[in-house]
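For what it's worth, the numbering used here labels the leading residue of the sequence shown as 46, then goes sequentially.
Where a beta carbon is used, it is the ideal one built from N, C-alpha and C, also for glycine.
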Amino acid sequence: MTPGTHFEEMTMRFTRTSLAVALASVATLAAPLAFGQENTGWYVGASAGRAAATIDDARIAAGLTAQGLGGIAIANDERSTGYKVFGGYQFTPYVGVEAGFLSLGHFGYRATTVPAGTLSGRMGVKGVNLDLVGTLPIMGGLSAIGRVGATSMRASDSFAATGAVTLPYASANPSQRTTGLKAGIGLAYAFTPSLSVRLEAERYRIKDAVGHRGDVDLLSLGLVYRFGASPAPRQQAVVAVPSTVQVAPPPAAPPPIAVAPPPPAPAPPAPKRVSLSADALFDFDKSDIKPAGREHLDKLASDLRGMRYDTIQVTGHTDRLGSHTYNLKLSERRAQAVAAYLSRAAGIPAGRISARGVDGDNPVTAPGSCKGNKPTRALIACLQPDRRVDVEVMGER
Numbered sequence: 046m047t048p049g050t051h052f053e054e055m056t057m058r059f060t061r062t063s064l065a066v067a068l069a070s071v072a073t074l075a076a077p078l079a080f081g082q083e084n085t086g087w088y089v090g091a092s093a094g095r096a097a098a099t100i101d102d103a104r105i106a107a108g109l110t111a112q113g114l115g116g117i118a119i120a121n122d123e124r125s126t127g128y129k130v131f132g133g134y135q136f137t138p139y140v141g142v143e144a145g146f147l148s149l150g151h152f153g154y155r156a157t158t159v160p161a162g163t164l165s166g167r168m169g170v171k172g173v174n175l176d177l178v179g180t181l182p183i184m185g186g187l188s189a190i191g192r193v194g195a196t197s198m199r200a201s202d203s204f205a206a207t208g209a210v211t212l213p214y215a216s217a218n219p220s221q222r223t224t225g226l227k228a229g230i231g232l233a234y235a236f237t238p239s240l241s242v243r244l245e246a247e248r249y250r251i252k253d254a255v256g257h258r259g260d261v262d263l264l265s266l267g268l269v270y271r272f273g274a275s276p277a278p279r280q281q282a283v284v285a286v287p288s289t290v291q292v293a294p295p296p297a298a299p300p301p302i303a304v305a306p307p308p309p310a311p312a313p314p315a316p317k318r319v320s321l322s323a324d325a326l327f328d329f330d331k332s333d334i335k336p337a338g339r340e341h342l343d344k345l346a347s348d349l350r351g352m353r354y355d356t357i358q359v360t361g362h363t364d365r366l367g368s369h370t371y372n373l374k375l376s377e378r379r380a381q382a383v384a385a386y387l388s389r390a391a392g393i394p395a396g397r398i399s400a401r402g403v404d405g406d407n408p409v410t411a412p413g414s415c416k417g418n419k420p421t422r423a424l425i426a427c428l429q430p431d432r433r434v435d436v437e438v439m440g441e442r
């Protein structure tokens, strides 16, 4: 800011350390994508953080020197607290639109001169924005986000002079509303399909109240809530375990004279398999059994209770989308969670039940029936039967 060009060239210095950390996180975590249920629809949120601008001390000093003043010392207030509240609509997992109200805080300076005098200025910035927001899933609940948009901002300036300094403007409290551009990058992490946190660095192009353009930046942390983001679980057909095993009646007693051969030993019972939809048991990208899933497992435990078991094998499956390493670990955790729950609910000895994950190596969908590799809504729905947990039982009443 200068007496003739106050708040001119308020070029924001991005917080280099924070931005470097964000970019390094994106580079480190950029692994093959693991996709699940789509996250679209309306959302709202709010964030707050540090806003910053660079005040042009050289122009301020030049303006005071032009008034014949010397001994110039300038104290700047280039940091402030900014915030924004916003709402938006996510059209696809990758593209959305967002609008909101924002305040970038207040910035100012105080210059002292010889002969004795002071010149001070202060500016507040607030307005509204409309952005196009892009989202790139990385892994799990972590995503990278980028945005470009337009703003309508109001810059309100106030100036004061004392002693030997002459106030450079006829009006001491000018105000200016202008349109401008903005851009930003950041990271988002979804704790649940409904609630996520964002860390963003954004640059706003503004015009101050005396007609000079500059940049103000905001580094903020905020929360986002999505409406209706938890899809209703879809349950796959379940094959019931029979409650009894029919045994053929013993042969009739042989005649007293003849020696009857011993009856043949009954064939070992065939394994019984129950296939449970993973979408019905677990939330997206989770291995904790949700309440609705516990109801399905309680029914299965009731059917199993009282049987004698040789072995029980629990196998977790995922669809073919995403990386093999990530999906294998997820399917293993889910199989272990189901095995532990059945062991408690049905009183199955831990040594009689085992769990393993196989990723998407054994799909039940017919080859060629679900075409493509891009995780579209249609492909994810088509592959739903492959996301399951199989319980294979060998035993009898």
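Just to confirm my understanding: we take residue i, look at its own chain, exclude 5 residues before and 5 after, and list those with CB closer than 6 Å. What are they?
{"i": "A233", "result": "S188, I190, S241 and R243"}
{"i": "S201", "result": "G169 and S220"}
{"i": "G267", "result": "G90, A91, S92 and R243"}
{"i": "R222", "result": "R199"}
{"i": "D176", "result": "E143, R192 and G194"}
{"i": "D102", "result": "I119"}
{"i": "R258", "result": "K252"}
{"i": "G172", "result": "T196, S197, M198 and R199"}
{"i": "S165", "result": "R155 and A205"}
{"i": "A161", "result": "G208"}
{"i": "R350", "result": "A391"}
What residue range does the alpha helix (DSSP H) around residue i cover?
{"i": "V383", "result": "H369 to A391"}
{"i": "D324", "result": "A323 to L326"}
Kindly indicate the opening and closing residues of the beta strand (DSSP E) around residue i.
{"i": "E245", "result": "L240 to K252"}
{"i": "H362", "result": "R353 to H362"}
{"i": "T99", "result": "Looking at the DSSP string, T99 is not in any beta strand (DSSP E), and its letter there is neither H nor E."}
{"i": "K335", "result": "First-last for K335: undefined, no H or E at that position."}
{"i": "A233", "result": "S220 to A235"}
{"i": "L264", "result": "R258 to R271"}
{"i": "D122", "result": "G115 to D122"}
Count the other CB atoms within 10 Å of the CB of residue i; is the residue buried (16 or more) or exposed (fewer)?
{"i": "V269", "result": "buried"}
{"i": "A156", "result": "buried"}
{"i": "P7", "result": "Since the first and last residues shown for the chain are 46 and 442, residue 7 lies out of range."}
{"i": "F236", "result": "exposed"}
{"i": "D328", "result": "buried"}
{"i": "T356", "result": "exposed"}
{"i": "A118", "result": "exposed"}
{"i": "V372", "result": "According to the sequence as given, residue 372 is Asn; it is not Val. By the neighbour-count rule (16 or more Cβ atoms within 10 Å), N372 is buried."}
{"i": "R353", "result": "exposed"}
{"i": "A395", "result": "exposed"}
{"i": "V434", "result": "buried"}
{"i": "R318", "result": "exposed"}
{"i": "V193", "result": "exposed"}
{"i": "G129", "result": "What sits at residue 129 in the sequence shown is Lys, not Gly. When all chains shown are included, K129 counts as buried."}
{"i": "A246", "result": "buried"}
{"i": "T137", "result": "exposed"}
{"i": "S388", "result": "buried"}
{"i": "A382", "result": "buried"}
{"i": "H341", "result": "buried"}
{"i": "P307", "result": "exposed"}
{"i": "S347", "result": "exposed"}
{"i": "S288", "result": "Residue placement at S288 is flagged as unreliable, the pLDDT there being 48, under the threshold of 50; the coordinate-derived value follows with that caveat. When all chains shown are included, S288 counts as exposed."}
{"i": "G413", "result": "exposed"}
{"i": "V284", "result": "Any reading at V284 is ruled out, since the residue's pLDDT is 49, under 50, leaving its predicted position unreliable."}
{"i": "G417", "result": "exposed"}
Can you round the beta-carbon distance between residue i and residue j to whole angstroms, since I take them to be within the 8 Å contact cut?
{"i": "E143", "j": "F152", "result": "Not confirmed; about 26 Å, so no contact."}
{"i": "R248", "j": "G225", "result": "Not quite, the Cβ-Cβ distance comes to about 10 Å (not below 8 Å), so this is no contact."}
{"i": "V178", "j": "G145", "result": "Contact flag wrong, Cβ pair sits at about 11 Å."}
{"i": "G402", "j": "E377", "result": "3 Å"}
{"i": "A26", "j": "D343", "result": "Nothing about residue 26 can be reported from this structure: the residues present for the chain run from 46 to 442 only."}
{"i": "T163", "j": "A206", "result": "7 Å"}
{"i": "A209", "j": "Y154", "result": "No, A209 and Y154 are not in contact; Cβ-Cβ is about 18 Å, not under 8 Å."}
{"i": "R6", "j": "S203", "result": "This structure leaves residue 6 out entirely; the chain is present only between 46 and 442."}
{"i": "D330", "j": "G186", "result": "6 Å"}
{"i": "G127", "j": "L147", "result": "7 Å"}
So, for residue i: in the same chain, excluding its five sequence neighbours on each side, which residues have a beta-carbon less than 8 Å away from its beta-carbon?
{"i": "R432", "result": "S322, A323, D324, H362, T363 and D364"}
{"i": "T410", "result": "C427, L428, P430 and D431"}
{"i": "R379", "result": "A323, L326, F327, S332, G361, G402 and V434"}
{"i": "G115", "result": "T158 and V159"}
With a CB to CB cut of under 7 Å and the five nearest residues on each side skipped, what residues in its chain are close to residue i?
{"i": "Q358", "result": "S399 and E437"}
{"i": "C415", "result": "L424, C427 and L428"}
{"i": "T211", "result": "Q112"}
{"i": "R397", "result": "Y354, T356 and I357"}
Going by the C-beta, is residue i closer than 8 Å to any heavy atom of the ligand SAH?
{"i": "S201", "result": "With respect to small molecules bound, the structure shown includes none, and the ligand SAH cannot be examined in it."}
Runs of alpha helix (DSSP H) lying entirely within the region 128-210, each at least 4 residues, in chain order: With a minimum length of 4 residues, no continuous alpha helix (DSSP H) run stays inside the region 128-210.
Inside the region 391-429 only - alpha helix (DSSP H) runs reaching at least 4 residues: Qualifying alpha helix (DSSP H) stretches, in chain order: 422-427.
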